[in-house]
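A.B. asks:
Residue numbers (the working numbering): 108 to 257.
1. Taking C-alpha atoms, which residue in 249, 200 and 186 lies nearest to residue 172?
2. So, at 6 Å on beta carbons, what are the nonlocal neighbours of residue 246 in its own chain, with the 5 sequence-adjacent residues on each side left out?
3. Contact between the region 144 to 163 and the region 209 to 217: three or more CB pairs below 8 Å?
4. For the beta strand (DSSP E) holding residue 243, just list the boundary residues, first then last.
5. Provide the residue span of the beta strand (DSSP E) that contains residue 191, from first to last.
6. When DSSP builds the beta bridges, which residues end up paired with residue 148?
7. Since residue 235 contacts residue 226 with CB under 8 Å, what's their CB separation in whole angstroms?
8. Pop quiz: residue 188 and residue 176 are said to be a contact at Cβ under 8 Å. What is the actual Cβ separation, rounded to whole angstroms?
9. Spatial neighbours of residue 224 within its chain, please: CB distance less than 6 Å, with the 5 preceding and 5 following residues excluded, ordered by chain position.
10. Measuring straight from C-alpha to C-alpha, what distance separates residue 220 and residue 192?
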């Protein structure tokens, strides 16, 4: 019974911490380039004759990790790369979440689908979770799934 009550108290505290925070958006993170800690190449996405590169970005901001995906494309001369679109994830990019990512991977199907997988540790209670995000690059919508590490 004591373990159950402690677990419920932990969930309440973690839930309150999430409620206190706000989502950190892609635009805010990209203004802090020095906080970029990891870039994972995810593959390419072809749109007609254009080939976009996809990459997963891990930033450290507000004493925690935040993740984003950006789609970059070369200019017409092929000399300068520009971010065409950035994507963020509200479930993990909360400025009070205290999340730390490890084992981040991502892959593209070559079309409009991107999969991100990794392990996350919650700094509030040290719980560990396997996280999977399936992103539709066309619409920007995504499916988020998390399961406890056993």
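Every residue, glycine too, gets a C-beta built ideally from N, C-alpha and C. A quick note: this is a predicted structure, and the numbers were derived from the prediction, not measured.
C.D. replies: With the structure as the only source:
1. 200
2. none
3. yes
4. 235 to 243
5. 188 to 195
6. 162
7. 6 Å
8. Rounded, the Cβ-Cβ distance is 15 Å, inconsistent with contact.
9. 212 and 239
10. 14 Å
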